[in-house]
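Asks: If you read the sequences in order, they're chains A and B.
Heads up, the first sequence is in the numbering used here, so the first residue is 1 and it goes up one at a time.
Heads up, the second sequence is in the numbering used here, so the first residue is 626 and it goes up one at a time.
For glycine and all other residues, C-beta sits at the position ideal for the given N, C-alpha and C.
Only a predicted model underlies this, so the values are computations on that prediction, with no experimental measurement involved.
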Amino acid sequence: MIASFLIQTLNGLASASLLFLVALGLTLIFGVTRVVNFAHGSFFMLGAYLAVSFYGYVGGGVLGFWGGAVFAGLAVGVLGALIELTILRRIYRAPELLQLITTFGVVLLLKDVVLFTWGPEDILGPRAPGLTGAVWIFGKPIPQYDLLLLVLGPLVGLLVWLLLTRTDWGTRVRAATEDRDMAAALGINQALMFTGVFALGALLAGLAGALALPREPANHNMDLTIIADVFVVTVVGGLGSLPGAYVAAVIISVVKAWCIGIGDVRVFGTVFSFSKLTLVAEFIVMAIVLIIRPWGLFGTPPAPQRVTAASILPMPVPDLKRLWPLGLVILALLALPLIADRFTVVLATDIIIFALFAASLGLIMGAGGMASFGHAAYFGAGAYAAAVAAKAGAPFLVAVPAGVTFAGALAVLFGWFCVRLTGVSLAMLTLAFAQITWAIAFQWDSVTGGSNGLVGVWPPELLSDKTAYYFATLLLVGGAILLIWRSVHAPLGYLLRASRDSRIRAEAVGVDVRIIQWRAIIVAGAAAGLAGALYVFSKGSLSPDSLSIPRSVDALAMVLIGGVQTLVGPVVGAVVFMTLQDWVVRATPYWHAVLGITLILITIIFPQGIVGTLRQWRQRREAEP
Amino acid sequence: MTLLEIRDLDAWYGRAQILFGVSLEVEAGEAAVLIGRNGAGKSTLMKSIMGLEAERRGTIRFDGADLIAEPTHRIARRGMAYVPEDRRIFTDLTVAENLAVGRLPPNSGEAWTPEAAFELFPPLAAMRERKGGQMSGGEQQMLTIARALMGNPRFLLLDEPSEGLAPVIVEVIAGAIAKLKARGVGLLLSEQNLHFARAVADRAFVLDRGHIRFAGTLAELDADAALKEQYLSI
């Protein structure tokens, strides 16, 4: 037993090294530029693919493997510098949320670059020459390569630490991390330093990707899998802390390895499979840390943000007399099945469902000011709960409320943690939650059908006609959107906006900001769950894709396209987005790249958001003599 | 020789205009003092010269070059140094490291060294390895000035250098200013303490709600009781 634990601990430490290298790069970049680079997992994935290609050209041996790792690190470093020069440089002054979305655009773009260059299949990489054997410890084999990794991670960490503390460049980087404007006032060229730090961070991620090859083949899930883990590590360790990154990487990796080591345990006749609980274990570790130290083990509490909302217009109470366009829209929606073909009705049903999904995210992002990169968790939870209920024989009218309830319950759980964080940490946490939810759906074969998902989930006879289902969807979504709209103009909405605009003042007048935000997340989660439940009955089947991170980003894109600070915005955004997607997907297999480039361009052209940028232009015109 | 010449400078934070057509001149080897109440725009004027935070329009001519369109680090490398009111020491860095961050190649003449700075501010010599965050306000103020000197400036912006400091430290700083003047460095400092201003400055500008209301010697300012009553008394 003890031997087994020791073995798994060593195994976990080896994994921790890779995780640490990626987290270290992310933390360095964040420290200086204040940008959380979502594309860091993509750099990791690119490193793996580049090393595989290098190996393909050069062949095996020491040069093929270690040369490949160095090549991958350098190449990804150069790519990082190019991305910094062309994209990130333009968004340093933009709000955090927009920066996150820009770098997510890079994620989508690089995903398709990899697909285009290397194809969809997993590619087995080389093994480290001379290290393919095992060392026997307590009668158990440990791969020699794991032992090397175990040393390599801390070693690279030490080198980076020496670079930061023993060189002039490193001293300047630490100065800029603390106060970049003051550093500039002392003659330090920030632009040059940002490019350098970004390249260094990218290099570390690319190197880690290449070093991961002997343990896993190069594959398309590497980017989001590692970034979710890295976000957990960063939240647990504390954003911006080098020792925090290592300690957290060790804790997370070792706990996961222990779970695998324990394997199946029989308790009172029931078999618990710990090896399938790795993600839950990760979640529990993160939960405990967030309860005790919300800002991470080695982090410092962030200064409360003041007036981030200077550019937000107050939301006017709608004038009923000016709602006639809404009446026209409703009439058009009711008349649609009379004039449109079957295909259009199905597409329209999808659009209506996603309008609710986007509107629910719009509630917490717009009025709540909370960025969520994992809203699909609620959508997917609602869909899975409804589908599982329907499979178990529940009628439509039970299955759909079951979906809503389950999604709401999940929001109760996740929301409790989310309201403890703000800004980028919050965004990272929501993404980690969504990835954990996705992985559970992906792994829990007996209930969710694993990667195959669930099929044959159809609505009752009465709604089996596409037009009938369209009307049912319209009715339910219309009701839900009306509720969201109502809650924004009810005390909940007022308190939510007050908490967003000035947390300190809201607290000073007696608002329990966390409770208010928590309630909003629950409302939004339940609404997204309804959208998910309606979605599964519309499609008849369900796969883990429905709660994947790209699905969450779809919702973000809809809200962003339509505008965060209006109620109609997300709905309009959903219509535009879905129509566009339907059109692009039929034209090219590279929908991700198209969406990624669109996101990057929108955020660069409108760095203050569309409304904010227009206002800035007007202001500048007024200022001219 | 006029080293710094500002003409018709306007500055904004977002929509709020802070400076209105500010014009002033400072010569090499001369210390000019900006006097005015809280919120008059003294700090904004200094930040505008450095290209920090505020948006600005007008002319800032420094030794023949116009700074108005230059990025902050280029302005610093031209020999303009800035000592902010809140000091902005790098708290995680040691005294020696803080000085190292400020180091720039000299535009001309002899370069400042940490040793030369320690001669100017003797208390710092004993705390080279101490972190900036573990120093008193007065020690931080000396370190900020020393850090600025490492860039071998020809001009120094000092925002409220005597504020909240013990008299003995104020004396050290006044001595440093005198030595810098003797080396031909130009200075612009903001002050609410007229006593300190008289001790170090040759020329005064009174700033009130973003406008320059007076330009002249300190003796002329002292002679004008009405002006002092209107713009300086509380």
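So who's on the other strand from GLY77/A, going by DSSP bridges?
Replies: None; GLY77/A has no bridge partner.
Asks: Per the contact definition of three or more C-beta pairs closer than 8 Å, is the stretch 668-677 of chain B in contact with the stretch 639-651 of chain B?
Replies: Touching, yes, given that three or more Cβ pairs across the two stretches are closer than 8 Å.
Asks: Please check the pair ALA383/A and GLY532/A, which I expect to be a contact at CB under 8 Å, by giving their CB distance rounded to whole angstroms.
Replies: So it is a contact: roughly 4 Å between Cβ atoms.
Asks: Can you check DSSP and say which residues form a bridge with THR684/B?
Replies: Note: THR684/B sits in a beta bridge opposite ARG632/B.
Asks: Cutting at 8 Å between CB atoms, please list the residues of its own chain near MET626/B, excluding the five before and the five after it.
Replies: Excluding sequence neighbours, MET626/B sits near GLU652 and ALA653.
Asks: Where in the stretch 202-247 of chain A do unbroken runs of the alpha helix (DSSP H), each at least 4 residues long, occur, reported from the N-terminal end onward?
Replies: For the stretch 202-247 of chain A, whole alpha helix (DSSP H) runs of length 4 or above, ordered along the chain, are 222-237.
Asks: In the DSSP assignment, find the unbroken alpha helix (DSSP H) run with ASP582/A in it and report its ends.
Replies: Element bounds for ASP582/A: 568-587.
Asks: What does the alpha-carbon distance come out to for the pair ALA134/A and ILE142/A?
Replies: Approximately 5 Å, taken between the alpha carbons.
Asks: Determine the direct distance from the alpha carbon of GLU796/B to that of LEU556/A, and round the result to whole angstroms.
Replies: The alpha-carbon atoms of LEU556/A and GLU796/B are separated by roughly 59 Å.
Asks: Closest to PHE577/A by C-alpha separation, out of GLY31/A, VAL594/A, ALA520/A and LEU567/A, would be which residue?
Replies: Of the listed residues, the one whose Cα sits closest to PHE577/A is VAL594/A.
Asks: Please state whether DSSP places THR769/B in a helix, a strand or coil.
Replies: Three-state DSSP puts THR769/B in a helix.
Asks: Identify the contact partners of ARG172/A in chain B, using a Cβ-Cβ distance below 7 Å as the criterion.
Replies: Residues of chain B passing the Cβ test: VAL726.
Asks: With which residues is ASP501/A paired in a DSSP beta bridge?
Replies: Answer is none; ASP501/A lacks a bridge partner.
Asks: Any Cβ of chain A within less than 9 Å of the Cβ of ASP717/B?
Replies: Yes, contact with chain A.
Asks: Report the option in ILE600/A, PHE373/A, ALA527/A and ALA281/A whose CA atom is closest to the CA atom of PRO633/A.
Replies: Past the edges of chain A, shown from 1 to 625, lies residue 633/A, and the structure says nothing about it.
Asks: Take the Cβ of LYS111/A as the centre, count every other Cβ of all protein chains shown within 10 Å, and call the residue buried at 16 or more, exposed below.
Replies: Buried, since its Cβ has 16 or more Cβ neighbours within 10 Å.
Asks: Are at least three pairs of beta-carbons, each pair with one atom in the stretch 25-32 of chain A and one in the stretch 91-104 of chain A, less than 8 Å apart?
Replies: Verdict: no, contact absent.
Asks: Taking C-beta pairs closer than 9 Å, name the residues in chain B that ASN189/A reaches, listed in chain order.
Replies: Result: PRO696, HIS698, ARG699 and ARG702.
Asks: In the stretch 637-707 of chain B, which residue ranges form an unbroken alpha helix (DSSP H) of at least 4 residues, counting only runs that do not cross its ends?
Replies: Those alpha helix (DSSP H) runs which fall completely within the stretch 637-707 of chain B and span 4+ residues are 667-675 and 697-702.
Asks: Give the DSSP-derived three-state secondary structure of SER815/B in the structure shown.
Replies: Three-state result, SER815/B: strand.
Asks: Within 9 Å (strictly less), CB to CB, does ASP512/A reach chain B?
Replies: Not one chain B Cβ lies under 9 Å of ASP512/A.
Asks: Beta-carbon separation of LEU812/B and ALA656/B under 9 Å?
Replies: Against a cut-off of 9 Å, the Cβ pair of ALA656/B and LEU812/B comes out as a contact.
Asks: From VAL726/B to PRO778/B, what distance separates their C-alpha atoms?
Replies: Taking the straight line from one Cα to the other gives about 14 Å.
Asks: In the DSSP output, what is ASP784/B paired with across the bridge?
Replies: Its beta-bridge partners are SER815/B.
Asks: Are there 16 or more other CB atoms within 10 angstroms of the CB of THR603/A, so buried, or fewer, so exposed?
Replies: Answer is buried; the Cβ neighbour count reaches 16.
Asks: Quick one: list the residues of chain B neighbouring ASP677/A, beta-carbon separation under 8 Å, in chain order.
Replies: Coverage of chain A is limited to positions 1 through 625, which leaves residue 677/A absent and any answer about it impossible.
Asks: Less than 9 Å between the beta carbons of ILE292/A and ILE521/A, yes or no?
Replies: No, the Cβ-Cβ distance between ILE292/A and ILE521/A is not below 9 Å.
Asks: In three-state terms, what does DSSP make of LEU109/A?
Replies: The answer is helix: DSSP assigns LEU109/A an H, G or I state.
Asks: Do LEU768/B and ILE802/B come within 9 Å of each other at the CB atom, strictly closer than that value?
Replies: Cβ atoms of ILE802/B and LEU768/B: not closer than 9 Å.
Asks: Tell me whether the beta-carbon of ILE660/A lies closer than 9 Å to the beta-carbon of LEU109/A.
Replies: What is shown of chain A runs 1 to 625, which leaves residue 660/A out entirely.
Asks: Per DSSP, LEU542/A is paired with what?
Replies: Note: LEU542/A sits in a beta bridge opposite LEU454/A.
Asks: Let me know if TYR378/A comes out buried or exposed under the rule of 16 or more other beta-carbons within 10 Å of its beta-carbon.
Replies: TYR378/A comes out buried.
Asks: So, using beta-carbon positions, are PRO126/A and HIS220/A closer together than 9 Å?
Replies: Cβ distance not < 9 Å, so PRO126/A and HIS220/A don't count as in contact.
Asks: How about ASP168/A: is its C-beta nearer than 9 Å to some C-beta of chain B?
Replies: ASP168/A counts as touching chain B.
Asks: Between the C-alpha atoms of LEU547/A and GLY676/B, what's the straight-line distance to the nearest angstrom?
Replies: Straight-line Cα distance between these residues: approximately 47 Å.
Asks: On the DSSP bridge list, what partners appear for THR627/B?
Replies: Partner(s): GLU652/B.
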